[in-house]
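Chemist: Take a look at the following structure, please.
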Amino acid sequence: MHAIKKATITFLINCISFCTYYLFVIQEGCFIFKFIYLSYKQLLKIISIHPYNTISHHLYTEKKRTSTIQTIVKNRIGYTSNLIFGENTSNCSLIPVNMPDIFIAKHNNVKIQGNSDFIIDKKEGVVINDFSYNTNDRFENRDGTLLRQRGNLAILKYNDKHYKRNYKSGLMLSGKYSSNYYHVMYEILIKILVLEKIVIPEDVPLVIDKIIYKIESFKQIFNTLNKTKREIILIDQKEVIFFDTLFWISEVNIIPPHTKNPWVCLPEDIVFDKSIVQKLREKLLSIKSEKIFPTKIYLSRKNTNRRKYNEDEVISLLKDLNFSIVTPEEFLFSEQIALFSRAEIIVAGSGAALTNLLFCQKNCKVICLVGKPINIPAFTTIAYFQGVNMKYLNGHSIKISDLNNIHADFYIPIEKLGKMLNQFL
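Set out below in structure tokens:
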């Protein structure tokens, strides 16, 4: 029943998306179709669906005299990397890539929803979102308020009944994936580190997702990085807040939310600003626990429903080699920093825990277990920044039907893992 319900909802959403985009396209230049489209939008509001034309921050600023953009960091060179698989020779080198400037935009009379990057100008009928505007065909935006996107038409799902608060001003540090450790670290809270380069009145509050304060490790990261005395506005996941003036900081690192075909992911799709990432490391190392941890560790996950593999066999091999089995989520954040900073060799399945490779020491060795050899440098670049020797061991799908499913269960060849460990040890 659950599968049928899910399929029905998906079908209805796709139908609404198709009809909305069709009317959006044909209404240009035709009064009758424009009237039909406007009437259709009023009907969609009944079910809290709102179609908007997407626009970039720069383009919006060109059209709105009250909006401004100030460049914070220019002429940036970022870095990406290639992954190393199996027993291939290590070449943990960084690949330089030109990055866009970091800027801060100021917009008036706009609203936002929690767990979303979209800035909504209801009066103009547009939403401001740099990633969504002219998105590369290889990527797909996924956002807390985005239902579907076709071309530059974003179909949002939000309820104006959840709009209860107005503020004179705010600096937006909320955004999509606000419950995901990796994205919170490298996309959302890392923006705090450029605040010292910005001249904004001290009475402008910081706007963050409420879940940052609900998850203790996220709260600790925020409090460690935030040295301002600004008021904090917490926005709930479904809440809508209106601002007379809203400030927004552009992306520090380039991390697309979703690649449509992971098999053709390019290294330059994910790029990091090394200087700011290293500053993040320095700030967070300051709260490292003094607790002593083992140097040879296997990272197990307490609860997971995706990408299961023959963990019992892996653990059996590692125990024979005197590895300690640890579950990072059972430790305080300060203890996780100590765990990774002390490690000399780490074995782990791909997952959010590897966000902590930021804290590893130089010459640490890492083997990451994956089901497919996909060249997505989400972790390797962070590892290479620290001088970490990181390799991937890819297994094989358990079911033939899962050959093209990157989230499918897989089997790790124990002999191959043993050979890689012998190389490292």
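Here the sequence shown stands for residues 12 to 436, where the numbers follow this note's numbering. Note that CB positions come from ideal geometry on N, CA and C, so glycine has one too. Here the structure is a predicted model, which means the values were calculated and not measured.
Taking residue 381 as the reference, give the member of 427, 135, 303 with the closest Cα.
Modeler: As a working note, residue 381 is residue 370 in the sequence shown. Ranking the options by Cα distance to residue 381, first place goes to 427.
Chemist: Beta carbon of residue 185, beta carbon of residue 123: below 8 Å?
Modeler: Along the sequence shown, read from residue 1 onward, the residue named residue 185 stands at position 174. Along the sequence shown, read from residue 1 onward, the residue named residue 123 stands at position 112. Yes, the pair counts as a contact, with Cβ atoms nearer than the cut-off.
Chemist: Suppose the cutoff is 8 Å on Cβ atoms and the five residues either side in sequence are ignored; what does the same chain contact list for residue 266 look like?
Modeler: Working through the sequence shown from its first residue, we reach residue 266 at position 255. Taken in chain order, the residues that qualify are 194, 197, 198, 281, 389.
Chemist: With DSSP run on the structure shown, which of helix, strand or coil describes residue 38?
Modeler: Here residue 38 refers to the residue found at position 27 when the sequence shown is read from its first residue. In this structure, residue 38 counts as coil in the three-state DSSP scheme.
Chemist: Buried or exposed: residue 62, going by 16 or more other Cβ atoms within 10 Å of its Cβ?
Modeler: For the purposes of this step, residue 62 is taken as the residue at position 51 of the sequence shown. It counts as buried.
Chemist: Enumerate, from N- to C-terminal direction, the unbroken beta strand (DSSP E) stretches of 3 or more residues contained entirely within the region 192-263.
Modeler: The qualifying runs are 217-220, 243-246, 251-260.
Chemist: Using DSSP bridges, identify the partner residues of residue 75.
Modeler: Residue mapping note: residue 75 aligns to position 64 of the sequence shown, counting from 1. Its beta-bridge partners do not exist; DSSP assigns none.
Chemist: When the distance is taken between beta carbons, is residue 182 closer than 8 Å to residue 204?
Modeler: Working through the sequence shown from its first residue, we reach residue 204 at position 193. Working through the sequence shown from its first residue, we reach residue 182 at position 171. Contact flag unset, no.
Chemist: Just confirm the distance between the C-beta atoms of residue 394 and residue 368, as a whole number of angstroms; I'd bet it's less than 8 Å.
Modeler: As a position in the sequence shown, residue 394 is number 383, starting the count at 1. As a position in the sequence shown, residue 368 is number 357, starting the count at 1. Yes, they are in contact, since the Cβ atoms of residue 394 and residue 368 sit about 5 Å apart, within 8 Å.
Chemist: Checking the sheet assignment: what are the DSSP bridge partners for residue 337?
Modeler: Within the sequence shown, residue 337 is the residue found at index 326, counting from 1. 310.
Chemist: Closest by CA to residue 141, which one among 365, 364, 90, 262?
Modeler: Residue 141 sits at position 130 when you count from the first residue of the sequence shown. Per the Cα distances, 262.
Chemist: First and last residue of the beta strand (DSSP E) that includes residue 124?
Modeler: Looking up residue 124 in the sequence shown gives position 113. Start and end: 113-124.
Chemist: Going by other Cβ atoms of all chains shown within 10 Å of its Cβ, with 16 needed for buried, is residue 118 buried or exposed?
Modeler: On the sequence shown, position 107 is the one that residue 118 refers to. Result: buried.
Chemist: Could you name the residues of the same chain whose beta carbon sits closer than 7 Å to that of residue 321, not counting the 5 residues immediately before and after it, in chain order?
Modeler: Start at 1 with the first residue of the sequence shown, and residue 321 comes out as number 310. Excluding sequence neighbours, residue 321 sits near 422, 423.
Chemist: If we call anything under 8 Å between Cβ atoms a contact, is residue 98 one with residue 430?
Modeler: The residue given as residue 98 occupies position 87 in the sequence shown. The residue given as residue 430 occupies position 419 in the sequence shown. Yes, the pair counts as a contact, with Cβ atoms nearer than the cut-off.
Chemist: Could you round the C-beta distance between residue 307 and residue 356 to whole angstroms and report it? I think they count as a contact, below 8 Å.
Modeler: On the sequence shown, position 296 is the one that residue 307 refers to. On the sequence shown, position 345 is the one that residue 356 refers to. Yes, residue 307 and residue 356 are in contact; Cβ-Cβ is about 5 Å, under 8 Å.
Chemist: From what residue to what residue does the alpha helix (DSSP H) around residue 85 run?
Modeler: In the sequence shown, counting from the first residue as 1, residue 85 sits at position 74. Where residue 85 is concerned, there is no enclosing alpha helix (DSSP H), given that its DSSP letter is neither H nor E.
Chemist: Measuring alpha carbon to alpha carbon, tell me which of 208, 425, 289 ends up nearest residue 329.
Modeler: Within the sequence shown, numbered from 1, the residue matching residue 329 stands at position 318. The shortest Cα separation from residue 329 among 208, 425, 289 belongs to 425.
Chemist: Does residue 352 come out as helix, strand or coil in the three-state DSSP assignment?
Modeler: Numbered from its first residue, the sequence shown carries residue 352 at position 341. Of the three classes helix, strand and coil, the one that applies to residue 352 here is helix, per DSSP.
Chemist: Rounded to the nearest angstrom, what separates residue 39 and residue 45 at their Cα positions?
Modeler: Mapped onto the sequence shown, residue 39 falls at position 28. Mapped onto the sequence shown, residue 45 falls at position 34. Taking the straight line joining both Cα atoms gives about 7 Å.
Chemist: Mind checking whether residue 338 and residue 91 have CB atoms under 8 Å apart?
Modeler: Start at 1 with the first residue of the sequence shown, and residue 338 comes out as number 327. Start at 1 with the first residue of the sequence shown, and residue 91 comes out as number 80. Cβ distance not < 8 Å, so residue 338 and residue 91 don't count as in contact.
Chemist: Leaving aside the five residues before and after residue 332 along the sequence, list all residues of the same chain whose C-beta is less than 8 Å from its C-beta, in chain order.
Modeler: Taking the sequence shown and counting its residues from 1, the one referred to as residue 332 is at position 321. The answer, listed in chain order, is 307, 432, 436.
Chemist: Express the C-alpha separation of residue 305 and residue 350 in angstroms, rounding to a whole number.
Modeler: Counting from 1 along the sequence shown, the entry for residue 350 is found at position 339. Counting from 1 along the sequence shown, the entry for residue 305 is found at position 294. Those two C-alpha atoms are separated by around 8 Å.
Chemist: So within the region 360-423, which uninterrupted alpha helix (DSSP H) runs reach at least 4 residues, ignoring any that extend past its ends?
Modeler: Runs found: 391-396.
Chemist: Say whether the region 126-143 touches the region 59-75, bearing in mind that this needs 3 or more beta-carbon pairs closer than 8 Å, one atom from each stretch.
Modeler: The region 126-143 vs the region 59-75: in contact.
Chemist: Less than 8 Å between the beta carbons of residue 347 and residue 373, yes or no?
Modeler: Numbered from its first residue, the sequence shown carries residue 347 at position 336. Numbered from its first residue, the sequence shown carries residue 373 at position 362. Not a contact, by the Cβ cut-off of 8 Å.
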